[in-house]
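See below for the structure under consideration.
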Amino acid sequence: MSVLCVRGREADKASTASCAEEHIHEVDTETMERVEATRMENTTSSGFLLERKTHVKISRKEILLTRMKKSCSFTPKKLKNFVMDFFPVLRWLPKYQCKEYIWGDVMSGLVIGIILVPQAIAYSLLAGLKPIYSLYTSFFANIIYFLMGTSRHVSVGIFSLICLMVGQVVDRELLLAGFDLNDDVSSASGDGSLQNDSQFNTTTFNFTIPGMNTECGKECYAIGIATALTFVAGVYQVLMGIFRLGFVSMYLSESVLDGFATGASLTILTAQVKYLIGIKIPRSQGHGMLVITWINIFRNISQANLCDVITSAICIVVLVTAKELGDRYKHKLKFPLPTELVVIVVATLVSHYGNLNEVYASSVSGAIPTGFISPKVPSFNLMLRVAVDALPLAIVSFVFTVSLSEMCAKKYAYTTRANQEMFAVGFCNIIPSFFHSFATSAALAKTLVKTSTGCQTQVSGVISALVVLLVLLFLAPLFYSLQKSVLACIIIVSLRGALRKFRDVPARYHVNKVDTLVWVITVSASALISTEIGLLVGIVFSMLCIIVRTQRPRAVLLGQIQNTSFYEDDYEYENLSSVPKVKIFRFEAPVYYANSNYFLKSLHRLTNLDPNLEAARRKKYNKEKQHPKKGDHTTANGLGIRETTLQLVPKQIDFQALVLDCSSISFLDTTGVNTLKEVLKGYKDFNISVLLACCNPSVIDSLKRGGYFGKDFGSMKEMLFYSIHNAVQFAKDQKLSEDCSV
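For the sequence shown, the numbering used here assigns the number 143 to the initial residue and increments by one for each residue that follows.
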């Protein structure tokens, strides 16, 4: 049992009184007043002991066995709870208040569905896949999240950042397989149905996938890569849920996520410029894609398609104007304007009746088939190729989904389960991968729209899925003449929020310079190197900043706030009183192997005393004093022996007690304990008491295990104090007793 001494002035009253009576004629008036003050205080204040609780230690083996036994036990009630936890819809759907919720859910679902269709078609450019696959992804993701999700407001489906990450992997693997990324295969004309589209799965190129006995063309191979990547990412997310590895998201700080999204937005913007102006340039792959793409754009700017340029300018003006007006008058609008859908409908009609593809060679979307393709198991060989790429995809998808679900839960006062969200987004990737879909995530823009249009439950996701299903079954062929420049405009305008982060840099810098630096580094790495490397660089740099902060933290001396028992930083505050003969030192970080030397240097600098250096100086001074050299010799530094001896004169130490404020020291490792032992020994050699104040229990335990208090812990009550003021009072009493005994 360890004891923490909480005490005021504990000078022995009997000894002090006796001492005062015997030597009253030798002490002056001031000393008498101090003795009387001590006597009066001791009559009203007494020390007490704060005892540590004795905790019963249970072996980890027993805990593990108990948990395994509990988890492996099988009862009908437990099975029911497991099923209802795994499918939360079984809990909330029977309690659904139809009259209160249905109108908001239907309106929200319709609006999201209307927005989702043009975005799904547009984001297919980012993923390097046909628009039909984006529609499949949006449909299946909404249905599965309806069954498994715990957030009422999150919109899961196509997300630009995830599409970009998928597209980069698809493009890389197509190049490695020998396909031409810039090969525009003319779509077969016809009714657009899957049954009549003979070139949908096999195009100009034929390629045999290892481990498969079928010939596969470019589009078939591209979706094969995407589904394999999606399946592996989903498996990672489910495994993270099983092993409860949600803590991984803690390493993605807000600065890293914002920087990653902004850097990826620059990459997305760069990838869409060629569609805006209608030029054909090779897709850049690997590191430095942004710079290489812009170089190719400026080299081929003279080949810009005037029709696409005019179309892009008109669409961007309309979209941005509508967005700004919507933001300004959103409190008056019951639901956001479906601007994207209006632009797509008008642009498709103009392109179709104006024959823009035939007359002006404007690039169009082509045939979008209707119906569903037969399910297909993702290729295991392709899974092995993309296993590494799936890890950052899984983490980013999970982090954005959980962050948005928690944000909505706090805003609308309900709870979500992060572990179940991981399962939900994992199965939103695993199951759709069998139906020619690719990776999904929660999307911020659509989630905000969902909350602003009266969404109440996940039923709105089913309504959105029905809107997408309507397009899949009947309306998809109508988008044949839609220009790719229009889709690029929709993508670029949707990046407004991320690109506006650049305007917040001055305010961000004013709040926290280190976080701003993390943001800038993450943006730069994500844009100039690659998105995956940018995310890794951001995480590593953020952690390095934390390490550097603990390596060189603030170290200050404290002064007393007048007429109080509180102490503060003497460098930051005015009118603080210094405590005579006592130095109070605060180190604002844990003491461990990386900053132990800095701890010692800061302590020696602020107290103006390095015990080791001072001991060496005194030893050399005594040696010089006992054995002076004859003659006037000159030392190597040009000083005479007399001058050198003067330099070795011992310092006048102006304090007799050192109080270490341990309130900011969260833990000590072995090096930290040895450092404090070195401080204790070094200052003790100069008759300076070292007192520890405000230590937490883990620090006390580390000191006990390290032998700081000796073997029997008998000195703990004279070395550990509950507050700084207790330690200062004890030091004063100790000094008073010594003066009296002298």
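We put the beta carbon where it would ideally sit given N, CA and C, even for glycine.
- prompt: Would you report the Cα separation of Thr-673 and Ala-667, rounded to the nearest angstrom?
  reply: 8 Å
Beta-carbon proximity list for Leu-614, same chain, < 8 Å, skipping 5 on both sides: Ile-274, Leu-277, Tyr-278, Phe-281, Thr-512, Gly-513, Phe-514
- prompt: Are at least three pairs of beta-carbons, each pair with one atom in the segment 414 to 432 and one in the segment 681 to 698, less than 8 Å apart?
  reply: Not touching, per the Cβ criterion.
field: Other residues of its chain near Ser-844: CB distance less than 6 Å, five sequence neighbours each side excluded
entry: So the qualifying residues of the chain are Leu-810, Val-815.
- request: To the nearest angstrom, report how far apart Glu-756 and Glu-820 are at their CA atoms.
  value: 14 Å
Nearest-angstrom Cβ-Cβ length linking Ile-254 and Ser-297, presumed shorter than 8 Å: 6 Å
- prompt: Taking Cβ positions, are Cys-804 and Gly-246 nearer each other than 7 Å?
  reply: Between Cys-804 and Gly-246, the C-beta gap is not smaller than 7 Å, which leaves the two residues out of contact.
query: In three-state DSSP terms, what is Asp-450?
result: DSSP, read as helix, strand or coil, puts Asp-450 in helix.
task: Using 10 angstroms around the beta-carbon of Thr-558, count the other beta-carbons present and answer buried if the total reaches 16, otherwise exposed.
output: buried
field: For Glu-710, the first and last residue of its enclosing beta strand (DSSP E)
entry: 709 to 711
- prompt: Which parts of the segment 623 to 661 are runs of the beta strand (DSSP E), unbroken and 3 residues or longer, counting only runs that do not cross its ends?
  reply: none
query: What is the DSSP secondary structure of Phe-514, counted as helix, strand or coil?
result: Correct three-state label for Phe-514: coil.
Beta-carbon gap between Gly-405 and Val-665 smaller than 7 Å: yes
- prompt: Mind checking whether Val-135 and Tyr-713 have CB atoms under 7 Å apart?
  reply: Since the first residue shown for the chain is 143 and the last is 884, residue 135 is missing from the structure and cannot be characterised.
task: Take Val-721 and list the residues in its own chain whose beta-carbon comes closer than 7 Å to its own, dropping the five residues that flank it on each side.
output: Gln-702, Val-870
- prompt: Looking at the unbroken beta strand (DSSP E) that takes in Arg-728, where does it start and where does it end?
  reply: 723 to 729
message: Can you look up Gln-768 in the DSSP assignment and give me helix, strand or coil?
response: helix
message: Would Ala-262 and Leu-371 be called neighbours here (beta carbons separated by less than 7 Å)?
response: no
Contact test: Val-660 Cβ vs the ligand PLP heavy atom, cutoff 6 Å: As for the ligand PLP, it is missing from this structure, which has no ligand bound.
- prompt: So, using beta-carbon positions, are Ser-293 and Ser-545 closer together than 7 Å?
  reply: no
task: Check Phe-863 in the structure and name its three-state DSSP category.
output: strand
query: At a cut of 8 Å, does the segment 374 to 382 reach the segment 561 to 574 through at least three beta carbon pairs?
result: yes
- request: On the DSSP bridge assignment, give the partners of Ile-703 in chain order.
  value: Ile-703 pairs with Leu-718.
message: For a test of the three-state rule: what should DSSP assign to Tyr-238, helix, strand or coil?
response: coil
task: Mind checking which residues open and close the beta strand (DSSP E) that includes Ala-835?
output: 831 to 835
field: Exposure of Val-506, with buried meaning 16 or more beta-carbon neighbours within 10 Å
entry: buried
- prompt: For the 8 Å Cβ check, are there 3 or more pairs between the segment 456 to 475 and the segment 521 to 541?
  reply: no
- prompt: So, Val-308 versus Ala-269, is the Cβ gap smaller than 7 Å?
  reply: yes
- prompt: Distance, Cα to Cα, Thr-409 vs Ala-669?
  reply: 6 Å
message: Would Leu-862 and Leu-834 qualify as a contact pair, given that the criterion is a beta-carbon distance under 7 Å?
response: yes
task: Rounded to whole angstroms, what's the CA-CA distance from Leu-718 to Phe-708? Just pull it up for me.
output: 10 Å
message: In the DSSP output, what is Ser-583 paired with across the bridge?
response: Answer is Gly-299.
task: Could you spell out where the beta strand (DSSP E) holding Ala-799 opens and where it closes?
output: Judged by DSSP secondary structure, Ala-799 falls within the beta strand (DSSP E) whose first and last residues are 797 to 803.
task: Just grab the DSSP bridge partners of Leu-810 for me.
output: Val-733
field: Residues near Tyr-417 by beta carbon distance below 6 Å, same chain, minus five either side
entry: Lys-626, Ser-627, Ala-630
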